[in-house]
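Reviewing the structure listed below.
In the working numbering, the protein residues as written are 1 to 352.
Below, the structure is given as structure tokens:
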């Protein structure tokens, strides 16, 4: 049986064109009735009813139902609210000022939230070259093997996460081509992105600006709302967007090479992020240096150590060729699974 569509009750005027444009933004198809008499047979079946105020003038009684909204041009007056109340509309949207509200109403139908939101994991390097981007990609690949995920590149100066995944020649949108804010339709977004198997990747391009803070927040929120595991690769420069993602993340993973200087650099990163979240964990990376261990690395920083990634020659070779081979029993895949397993409340990071 086909899923019922929203019902728009409106004449062929300016308001109808505005409603149609807003619905198109989130990829929402709808049924159209020119007046309430024509709408009566579909009134109770539609998941959402959108009324043009002009249609609501001298309206006949309609069956009581939820999810009715009324759309008007200009600021609603007392008569507008009376018409809304008579037809059971609990929300009134004035276009174009309340476009975001109407967009959200359509998106609630086309993009119904999952039973539970998906986790958001953010990765940031303790210093440059720590392997945070590679680990973020590995975690997204692992998450997509057993569920649904979304990999989001938040670093406009990182060269693009599509490169290590071999997607640089795959058609699809990148930042800054994705320009969204407010409510985002996940099916429409996913369909527009390049994918590695069933893993959609929103990468930064090789030119132009990166994501705006509003666009970044909207995409991350949409992916989580749809129940996907959202994996974000953060830059080490702390823009408004970076801090917003860190604040929203269920876990911020600090990837730190096992060396003293890297620990000192990672402390600075941690200090910048700590006012925005306390949900941290450490992954140690690289060869041992300076006579310190992975556990000592985490001990100098405070957050718990959840994985230790040793270099893998096979992975390094495939990264250069854009194949990103992830052996299931390798150190990188093992660390990725450890990160996913730790998506539960972690001990609060202590200042170190």
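Cβ atoms here follow ideal geometry from the backbone N, Cα and C, with glycine treated the same way.
Which residues does DSSP pair with residue i in a beta bridge?
| i | result |
| --- | --- |
| residue 32 | 8 |
| residue 281 | 253 |
| residue 340 | Note: residue 340 sits in no beta bridge, so no partner. |
| residue 123 | 233 and 253 |
| residue 200 | 195 |
| residue 389 | As displayed, the chain neither begins before 1 nor continues past 352, which places residue 389 out of reach and without an answer. |
| residue 152 | 202 and 232 |
| residue 43 | Looking at the DSSP assignment, residue 43 forms no beta bridge with any residue, so it has no partner. |
Contact check, residue i vs residue j under 8 Å by CB: the rounded distance?
| i | j | result |
| --- | --- | --- |
| residue 111 | residue 187 | 6 Å |
| residue 258 | residue 223 | The Cβ separation is near 32 Å, so there is no contact. |
| residue 4 | residue 64 | That pair is no contact at about 18 Å. |
| residue 342 | residue 298 | About 13 Å separates the two Cβ atoms, so there is no contact after all. |
| residue 92 | residue 80 | 6 Å |
| residue 96 | residue 225 | Not quite, the Cβ-Cβ distance comes to about 25 Å (not below 8 Å), so this is no contact. |
| residue 75 | residue 94 | 6 Å |
| residue 61 | residue 250 | Residue 61 to residue 250, Cβ: 48 Å. No contact. |
| residue 294 | residue 273 | In fact, because the Cβ distance is near 21 Å, the residues do not count as touching under 8 Å. |
Of all the options the options, which has the alpha carbon lying nearest to the alpha carbon of residue i?
| i | options | result |
| --- | --- | --- |
| residue 261 | 7, 41, 127 and 164 | 127 |
| residue 39 | 26, 136, 28 and 59 | 59 |
| residue 71 | 239, 25, 11 and 125 | 11 |
| residue 125 | 290, 33 and 232 | 232 |
| residue 170 | 184, 156 and 191 | 191 |
| residue 174 | 204, 147 and 294 | 204 |
| residue 115 | 246, 252 and 228 | 228 |
| residue 206 | 230, 245 and 157 | 157 |
| residue 278 | 101, 26, 294 and 122 | 122 |
| residue 133 | 15, 276, 235 and 293 | 235 |
| residue 271 | 238, 291 and 294 | 238 |
| residue 304 | 24, 14 and 256 | 256 |
| residue 14 | 135, 328, 178 and 54 | 54 |
| residue 197 | 160, 247, 154 and 146 | 146 |
| residue 244 | 194, 314 and 154 | 154 |
Note down, in chain order, each residue of its chain lying with its Cβ closer than 7 Å to the Cβ of residue i, except the 5 sequence neighbours on either side.
| i | result |
| --- | --- |
| residue 199 | 140, 141, 144, 149 and 151 |
| residue 180 | 215, 218 and 219 |
| residue 340 | 139, 142 and 143 |
| residue 324 | 137, 164, 165, 166 and 318 |
| residue 105 | 48 and 69 |
| residue 307 | 283, 335, 338 and 339 |
| residue 89 | 51, 68, 69 and 70 |
For residue i, I'd like the list of residues in its chain whose CB is within less than 6 Å of its CB, leaving aside the five on either flank, ordered along the chain.
| i | result |
| --- | --- |
| residue 168 | 162 |
| residue 2 | Any answer about residue 2 is weak, because its pLDDT of 49 lies below 50 and its placement is not dependable; what the coordinates show is given next. Hits under 6 Å: none found. |
| residue 331 | 309, 310 and 312 |
| residue 334 | none |
| residue 84 | 70 and 92 |
| residue 18 | 95 |
Leaving out five residues on either side along the sequence, give the residues of the same chain with a beta carbon under 8 Å from the beta carbon of residue i.
| i | result |
| --- | --- |
| residue 31 | 5, 6, 7, 8, 42 and 46 |
| residue 291 | none |
| residue 240 | 213 |
Could you pull out every unbroken beta strand (DSSP E) segment of at least 3 residues lying fully inside the segment 80-121, listed in chain order?
91-95
Of all the alpha helix (DSSP H) runs that stay within the bounds of the segment 207-274, which reach a length of 4 or more residues?
213-225, 240-248 and 260-273
Quick check on the DSSP output: what are the complete beta strand (DSSP E) runs of length 3 or more inside the segment 287-311, in order along the chain?
305-309
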